[in-house]
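Below: one structure, written as structure tokens.
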Amino acid sequence: VIDKPKIYYLSSIQDENDIEKTNLSYLKALEQNQKKDLDFKTTLIGPHRDDFSINFSGKAAKSFASEGQKKILLYAIRFAEWELLHSKYEQKPPFLIDDFDAHLDEKHKKNLKQAFKKFSQVFITMPKTTESFENAHFINLKDQMFK
538 VIDKPKIYYL SSIQDENDIE KTNLSYLKAL EQNQKKDLDF KTTLIGPHRD DFSINFSGKA
598 AKSFASEGQK KILLYAIRFA EWELLHSKYE QKPPFLIDDF DAHLDEKHKK NLKQAFKKFS
658 QVFITMPKTT ESFENAHFIN LKDQMFK
């Protein structure tokens, strides 16, 4: 059971609580790293390089949670992402799931299938078709590849 997961934003800049200080810190870091950025042809510092950590019961899910728990946490984040996009653009974006049944018990599979009903389009990949889905259309790509 995952008890009240908490998400922590891990910024490469330490002044996260003050937007003005954060902006100044990023500008300073960008100026200091400009030569390196040009050498590597990429920006080496910034929000796109930051990370986040999910903890529950006071422990990092990354190293403590089971694969099934990690998968459920991932789906929770994806559901929140979908809600944000739906709210912002007033459209229902497609929902993409890779390896649906990996690491999940029957209870969680059933709950996820129920949650999928709110989405207008769900694309699911699985190595084997082991699950049944309402109103589903299957494409079997055995020994085939998209080109």
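The working numbering runs 537 ahead of the 1-based position in the sequence shown.
Just so you know, even glycine gets a beta-carbon here, dropped at the ideal spot from N, CA and C.
The model shown is predicted, which means the values in this text are computed figures rather than measured ones.
Review point. When burial is assigned at 16 or more other CB atoms within 10 Å of the CB, is Phe-577 buried or exposed?
Key: The residue given as residue 577 occupies position 40 in the sequence shown. Phe-577 is exposed by the Cβ-count criterion.
Exercise for review: Quick one: residues in its chain with C-beta nearer than 7 Å to the C-beta of Ile-582, no 5 flanking neighbours on either side, listed in chain order?
Suggested key: On the sequence shown, position 45 is the one that residue 582 refers to. Excluding sequence neighbours, Ile-582 sits near Ser-549, Ala-566, Leu-567, Asn-570.
Check your understanding: So Ile-544 packs on Phe-593, CB below 8 Å; how close in whole Å?
Key -> Taking the sequence shown and counting its residues from 1, one reaches residue 544 at position 7. Taking the sequence shown and counting its residues from 1, one reaches residue 593 at position 56. Going by Cβ atoms, the distance from Ile-544 to Phe-593 rounds to 10 Å, so no, they are not a contact pair.
Exercise for review: Identify every run of the beta strand (DSSP E) within the stretch 596-650, keeping only runs that are complete inside it and at least 3 residues long; order them along the chain.
Suggested key: 632-635
Practice item. Look at the alpha carbon of Ala-652 and the alpha carbon of Leu-575, and state the distance between them as a whole number of angstroms. Key: As a first step, residue 652 is located in the sequence shown; it is residue number 115 there, counting from the start. As a first step, residue 575 is located in the sequence shown; it is residue number 38 there, counting from the start. About 46 Å.
**Study point:** Among His-640, Asp-638, His-645, Glu-671, the one whose alpha carbon lies nearest that of Lys-654
**Key:** Position 117 of the sequence shown, counting from 1, holds the residue named residue 654. The candidate whose alpha carbon is nearest that of Lys-654 is Glu-671.
**Study point:** Where Asn-592 sits in the DSSP three-state scheme
**Key:** If you number the sequence shown from 1, residue 592 lands on position 55. Residue state, collapsed to three classes: strand.
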